[in-house]
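Note sheet for the following structure.
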DNA sequence: GTACATGCAAAAGATTTGCACTCTT
DNA sequence: AAGAGTGCAAATCTTTTGCATGTAC
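Protein chains in written order, with our numbering: chain A, 57 to 204; chain B, 57 to 204.
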């Protein structure tokens, strides 16, 4: 994904500031690390100390509302962000309930919604997220019995 | 689900206090409303003003860690809770990105994980959540084109 | 030029925590 | 009796907001 995506998605409704470009590029580059707003801010801050945390929050919220990024919640008390690459296979997240590690699970369950739009009861689904919980391979030992 | 579930799940490791019973019963009763911790606190407060908000938080966290309740995030800035009824068909949540309404979607995509445990790459999945986003039937008009 | 965006600092919320006291076991 | 749990209030942490200033279009 390159910056012209922003131009297109903003569609004249939002201004393409250099701050927004930097934030977008940072989230693009670090997308597999699922950075939080604070993380993005800190990465950027080294090179561009003038960009404020509030701008990072505002921009991530904007990109999220436009479907450019996905806002994730792994249950650790802050939101995390990744690029929403519509043309790639949807991937989902496995979260270890013992150590908190996050593992990407590509393609699982994707076929249910990947057709783009999906109507159920007059509802039109444009996107979805799947979170799986359990024990990662390092934590599989000492695990309690499953809840069911 | 009745209170003896608690006795069993606590397994001697946690004490069965009347506060925990009340919180559990409240979340059981209001589970389809996905109450937040504050909501639970307020419902309980009418009858049991002595129970503190911190206890509600602590208990919901405990029940969540034991797999008795699911902690949900609909993106409105607070966590919400529902009973994790392992023996019922898993249900998921549709969240309208226009008005914020939440609609339950029963059974969709459930078969991917419903077999209980599911091993991928040494990972053992014990639970999962699926969030679908889009426009509810009241908001379908005036919707922008889908991101993909 | 003008409306929108930013930076800063303060505010707002949600959730957690320290501590003295209480209660389950 | 002992240790875990509770209530309260304060603390913490994330996210939002008001406002004066800056800037993309």
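The C-beta atom is built at its ideal place from N, Cα and C for all residues, glycine as well.
Within the stretch 96 to 136 of chain B, note down every full beta strand (DSSP E) run reaching 3 residues or more, in order along the chain. 125 to 129
Simplified DSSP assignment, three categories, for residue 153 of chain B: coil
When Cβ atoms are compared, which residues of the stretch 176 to 187 of chain B fall closer than 9 Å to chain A? 176, 177, 178, 179, 180, 181, 182, 183, 184, 185, 186 and 187
In chain order, what residues of the same chain have a beta carbon less than 7 Å from the beta carbon of residue 136 of chain B, not counting five sequence neighbours either side? 90, 91, 92, 128 and 130
With 16 as the cutoff for other CB atoms within 10 Å, does residue 180 of chain A come out buried or exposed? buried
Helix, strand or coil at residue 62 of chain A according to DSSP, with G and I counted as helix: helix
Give me the chain B residues within the contact set of residue 88 of chain A, using Cβ-Cβ distance strictly less than 9 Å, ordered along the chain. Here the premise fails: no neighbours, minimum Cβ distance about 16 Å.
Roughly how many angstroms separate the alpha carbons of residue 70 of chain B and residue 194 of chain A, rounded to a whole number? 27 Å
With C-beta atoms as the reference, is residue 186 of chain B less than 9 Å away from residue 97 of chain A? no
Inter-residue spacing [alpha-carbon to alpha-carbon] between residue 172 of chain A and residue 196 of chain B: Reliability of the predicted coordinates at residue 172 of chain A is poor, the pLDDT of 43 falling under 50, and the value obtained from them is presented with this limitation in mind. One C-alpha to the other measures close to 15 Å.
For a cutoff of 9 Å on Cβ pairs, would you count residue 155 of chain A as touching chain B? no
Are there 16 or more other CB atoms within 10 angstroms of the CB of residue 170 of chain B, so buried, or fewer, so exposed? Confidence at residue 170 of chain B is low in this model, with a pLDDT of 42, below 50, so its placement is unreliable and the value that follows should be read with caution. Its Cβ having fewer than 16 others within 10 Å, residue 170 of chain B is exposed.
According to DSSP, residue 160 of chain B sits in a beta bridge with which residue or residues? B/149
Under 8 Å: do the stretch 101 to 118 of chain B and the stretch 144 to 161 of chain B share three or more Cβ pairs, one atom per stretch? no
Does the beta carbon of residue 132 of chain B sit closer than 9 Å to a beta carbon anywhere in chain A? no
In this structure, how does DSSP classify residue 213 of chain B when only helix, strand and coil are distinguished? The structure shown has nothing for residue 213 of chain B, since chain B only spans 57 to 204.
C-beta atoms of residue 139 of chain A and residue 125 of chain A nearer than 9 Å: yes
At the 9 Å Cβ level, is residue 190 of chain B part of the contact set with chain A, yes or no? yes
Inter-residue spacing [alpha-carbon to alpha-carbon] between residue 61 of chain B and residue 162 of chain A: 36 Å
On the three-state DSSP scale, how would you describe residue 196 of chain B? coil
Excluding five sequence neighbours on each side, which residues of the same chain lie with their C-beta closer than 6 Å to the C-beta of residue 167 of chain B? Summary for residue 167 of chain B: the model assigns pLDDT 45, below 50, so the residue's position carries little reliability; its value from the coordinates is reported in the next sentence. None.
Taking Cβ-Cβ distances shorter than 8 Å, what residues in chain A pair up with residue 127 of chain B? 131
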